[in-house]
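**Student:** The sequence shown begins at 236 in this note's numbering and counts up one residue at a time.
Every residue, glycine too, gets a C-beta built ideally from N, C-alpha and C.
As the structure is a prediction and not an experimental result, all values here were calculated from the model.
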Amino acid sequence: MRRKLAAGNWKMNGTLASLGEVQALSRSHTAPKVDILLCPPTPLIWPMASARDGDQVMVGAQDCHANTSGAHTGDVSAAMVKEAGATAVILGHSERRTDHGETSELVENKVNAVWKQDLLAVICLGETLKEREDGDTLAVVGEQLAASTPEGANGENTVIAYEPVWAIGTGLVPTLDQIAEVHDFLRAELTARFGETTANDIRLLYGGSVKASNAAEIFAVSNVDGALVGGASLKADDFSPIVTALEASV
Ligand code: PGA
236 MRRKLAAGNW KMNGTLASLG EVQALSRSHT APKVDILLCP PTPLIWPMAS
286 ARDGDQVMVG AQDCHANTSG AHTGDVSAAM VKEAGATAVI LGHSERRTDH
336 GETSELVENK VNAVWKQDLL AVICLGETLK EREDGDTLAV VGEQLAASTP
386 EGANGENTVI AYEPVWAIGT GLVPTLDQIA EVHDFLRAEL TARFGETTAN
436 DIRLLYGGSV KASNAAEIFA VSNVDGALVG GASLKADDFS PIVTALEASV
């Protein structure tokens with residue numbers, strides 16, 4: 236069965252002084268029943284990987300370039316984040332799609348770059364509020380899934396994170412039925428494309444305003460295999476109860 240995953244996305248937050256949080260998290264979960272991943276800003280990948288108490292908390296990047304090297308000022312490659320200690324890379328987050336104009340085609344290229352380094356790709360998708368109100372949610376996430384996910388996806392190399400854009404950082408959360416509808420749809424789409432065995436291995440995370448107080452009910456939803464957490468992943472005191480809620484759902 237799929238091993239559940241609690242993933243934290245620090246976005247552009249955190250300094251060296253924040254690394255006590257990963258130590259506290261490591262000490263609170265010495266033998267976790269779920270995978271735990273924290274994705275700090277790039278300069279903190281190496282210090283975070285070094286500061287961990289054990290390796291029960293995986294460290295990841297929030298993005299990388301699709302190319303392996305070259306004239307790309309300000310960018311980092313998959314090999315670079317791997318050398319720094321990352322074992323996973325978030326790709327296609329809505330903030331990258333919006334702030335940097337990233338298309339699903341570009342995300343697909345980045346996923347291939349990440350796979351070449353044997354890293355785990357966490358591919359993000361989600362609809363805007365307008366798209367939901369227009370009844371286009373499944374069409375939008377289906378198109379993003381198809382175009383962002385290369386051939387060869389499997390449970391070892393890929394995680395899909397469903398993050399409604401309107402739920403990110405807003406405190407708004409879809410109803411449990413709405414989450415179930417999208418996650419069941421994504422599982423069916425993966426099954427149609429990759430076959431049942433492979434599709435059943437790929438973890439589907441929910442993301443968008445997950446916190447300790449709503450985690451347990453979200454983790455009880457069908458086809459939710461964990462969460463991608465932004466704001467509530469910055470402090471161990473906030474993230475640890477989410478990890479514990481996920482462990483309780485196993
Ligand atoms: P949030 O962000 O938990 O702060 O809503 C989630 C995300 O963007 O991954």
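In whole angstroms, what is the alpha-carbon distance linking residue 256 and residue 243?
**Tutor:** 12 Å
**Student:** Exposed or buried, which one is residue 346 when buried takes at least 16 other CB atoms within 10 Å?
**Tutor:** Buried: at least 16 other Cβ atoms inside 10 Å.
**Student:** Just how far apart, CA to CA, sit residue 388 and residue 294?
**Tutor:** 21 Å
**Student:** Please report the straight-line C-alpha distance between residue 471 and residue 264, rounded to a whole angstrom.
**Tutor:** 11 Å
**Student:** Look up residue 271 in the DSSP assignment and give the residues it is bridged to.
**Tutor:** 241 and 292
**Student:** Run the proximity test for residue 271: is its beta-carbon closer than 8 Å to any non-hydrogen atom belonging to the ligand PGA?
**Tutor:** The answer is no for residue 271.
**Student:** From the DSSP output, read off the bridge partner residues of residue 358.
**Tutor:** 326 and 395
**Student:** Is residue 487 near the ligand PGA, with its Cβ less than 8 Å from a heavy atom?
**Tutor:** Because residue 487 is not part of the residues shown, which for the chain are 236 to 485, the question remains open.
**Student:** What is the C-beta distance between residue 326 and residue 282, in whole angstroms, given that I count them as a contact (C-beta under 8 Å)?
**Tutor:** At roughly 22 Å, the Cβ-Cβ gap does not stay under 8 Å, so residue 326 and residue 282 are not in contact.
**Student:** Look at the Cβ atom of residue 411, then the Cβ atom of residue 362, and state whether they are nearer than 9 Å.
**Tutor:** no
**Student:** What are the start and end residues of the beta strand (DSSP E) that includes residue 309?
**Tutor:** Run containing residue 309: none; DSSP gives neither H nor E here.
**Student:** Assuming residue 240 and residue 469 are in contact, meaning their beta carbons sit under 8 Å apart, how far apart are those beta carbons, in whole angstroms?
**Tutor:** No, residue 240 and residue 469 are not in contact; Cβ-Cβ is about 18 Å, not under 8 Å.
**Student:** Output yes or no for whether 9 Å exceeds the beta carbon distance between residue 442 and residue 396.
**Tutor:** yes
**Student:** For chain C, find out if any of its Cβ atoms is closer than 9 Å to the Cβ of residue 481; answer yes or no.
**Tutor:** Of the protein chains in the structure, only one exists, and it is not chain C.
**Student:** Who pairs with residue 438 in a beta bridge, going by DSSP?
**Tutor:** BP columns for residue 438 point to 394.
**Student:** Return yes when the Cβ of residue 424 is within less than 9 Å of the Cβ of residue 269, no when it is not.
**Tutor:** no
**Student:** When burial is assigned at 16 or more other CB atoms within 10 Å of the CB, is residue 353 buried or exposed?
**Tutor:** exposed
**Student:** Classify residue 513 as helix, strand or coil using the three-state DSSP reduction.
**Tutor:** Because the chain in this structure spans residues 236 to 485, residue 513 falls outside the shown range and cannot be described.
**Student:** Determine whether the beta carbon atoms of residue 364 and residue 391 lie at a separation below 9 Å.
**Tutor:** no
**Student:** Restricting to Cα atoms, I'd like to know which of 333, 381 and 402 is closest to residue 367.
**Tutor:** Cα-wise, what sits closest to residue 367 is 402.
**Student:** Taking the alpha-carbon of residue 380 as reference, which of 333, 432 and 343 has the nearest alpha-carbon?
**Tutor:** 343
**Student:** Residue range of the alpha helix (DSSP H) that residue 463 falls in?
**Tutor:** Counting along the chain, residue 463 falls outside any alpha helix (DSSP H), though it belongs to the beta strand (DSSP E) covering 461 to 464.
**Student:** By the 10 Å Cβ neighbour count, where 16 or more other Cβ atoms means buried, how is residue 374 classified, buried or exposed?
**Tutor:** exposed
**Student:** Between residue 254 and residue 284, how many whole angstroms is the CB-CB distance? I'm expecting something under 8 Å.
**Tutor:** Their Cβ separation, rounded to whole angstroms, is 10 Å, which puts residue 254 and residue 284 out of contact at 8 Å.
**Student:** By DSSP, does residue 203 sit in helix, in strand, or in coil?
**Tutor:** No answer is possible for residue 203: it lies beyond the span of the chain, which begins at 236 and ends at 485.
**Student:** Identify, in the order they occur along the chain, each residue of the same chain with its Cβ nearer than 6 Å to the Cβ of residue 310, setting aside the five sequence neighbours on each side.
**Tutor:** Counting only Cβ-Cβ distances below 6 Å, and skipping sequence neighbours, we find 300.
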